[in-house]
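S.K.: First, the structure itself, so that you have it in front of you.
Number of protein chains: 2
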Amino acid sequence: MPRNKVIFYLIENETHRKVSYKKRHIGFLKKAQELTTLCDIEIATIIYSPYSDEPKVFPNHGATINTFLKFK
Amino acid sequence: MPRNKVIFYLIENETHRKVSYKKRHIGFLKKAQELTTLCDIEIATIIYSPYSDEPKVFPNHGATINTFLKFK
DNA sequence: CTAACTATAATTAGTGT
DNA sequence: CACACTAATTATAGTTA
Numbered sequence: 001m002p003r004n005k006v007i008f009y010l011i012e013n014e015t016h017r018k019v020s021y022k023k024r025h026i027g028f029l030k031k032a033q034e035l036t037t038l039c040d041i042e043i044a045t046i047i048y049s050p051y052s053d054e055p056k057v058f059p060n061h062g063a064t065i066n067t068f069l070k071f072k
Numbered sequence: 073m074p075r076n077k078v079i080f081y082l083i084e085n086e087t088h089r090k091v092s093y094k095k096r097h098i099g100f101l102k103k104a105q106e107l108t109t110l111c112d113i114e115i116a117t118i119i120y121s122p123y124s125d126e127p128k129v130f131p132n133h134g135a136t137i138n139t140f141l142k143f144k
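Written out as C-alpha cells, the structure is:
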C-alpha cells in the first residue's frame, strides 16, 4: 500500500480527479475553519467545481458576500 | 520537543497566534493552489488579518474578483 | 457512487539561532 | 523580527468493502 508522492499537475483520470477533489476540498475547508478559529482573522472562500451544482463556500453565503464586498 | 495536540480554540497568546497564522496561512494558500492544479476547479479566497496590511488573496486580485462576481 | 481503512506524505508546534 | 530544524500530528492516495 505504498503511497506515491503527489505530483502537482492535473490528475488526468477523471475518476481519480473527482475522488481527489472530494477528499481535498473537505481538508481545505477544514484548514479555513482552523485558521479562523485559532487566529483572529476573517476568511472567505468560494469553490466552483464540476462535481457539485452549488459552489462550496466558507464560512457561509452571507459572510462570504460581506468579506468579498470589502475587497476592492 | 514533544508537540502538543492542537486545541481548536483561539490562541490566547498574541505572539503565538501571529506565529501560527504566519505558518498556517501559507499552508492554506498552498492547499488552494494544489486543489486548483490537481483538479479542474476554480477557487477564490481572501484572508483579512491584523498581521498584514493587505488582504492575502488567491489566486490573484483580478481572478478573485471575477470568481466572486459569479457568486450571488 | 460512498464510506472506511491505513501506510505514507505533508503540515506544523515547539524550539533554537 | 525571520528562518531552520524536527518530532509529532494531520491529511490523503491507494486500497478494500
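Keeping their order, the protein sequence lines are chains P and S. For the first sequence, our numbering assigns the number 1 to the initial residue and increments by one for each residue that follows. For the second sequence, our numbering assigns the number 73 to the initial residue and increments by one for each residue that follows. Even for Gly, the Cβ is constructed at its ideal location relative to N, Cα and C. Note that this is a predicted model, so its numbers are computed, not measured.
(1) Please name the residue or residues paired with Lys-56/P in a DSSP beta bridge.
(2) Helix, strand or coil, according to DSSP, for Glu-42/P in the structure here?
(3) Tell me which same chain residues have a C-beta within less than 8 Å of the C-beta of Tyr-21/P, skipping the five on either side of it?
(4) Which first and last residues belong to the alpha helix (DSSP H) in which Asn-66/P is found?
(5) Please report the distance separating the alpha-carbon of Pro-127/S from that of Ala-135/S.
M.R.: Per the coordinate set shown:
(1) Ile-47/P
(2) strand
(3) Ser-49 and Tyr-51
(4) 61-69
(5) 15 Å
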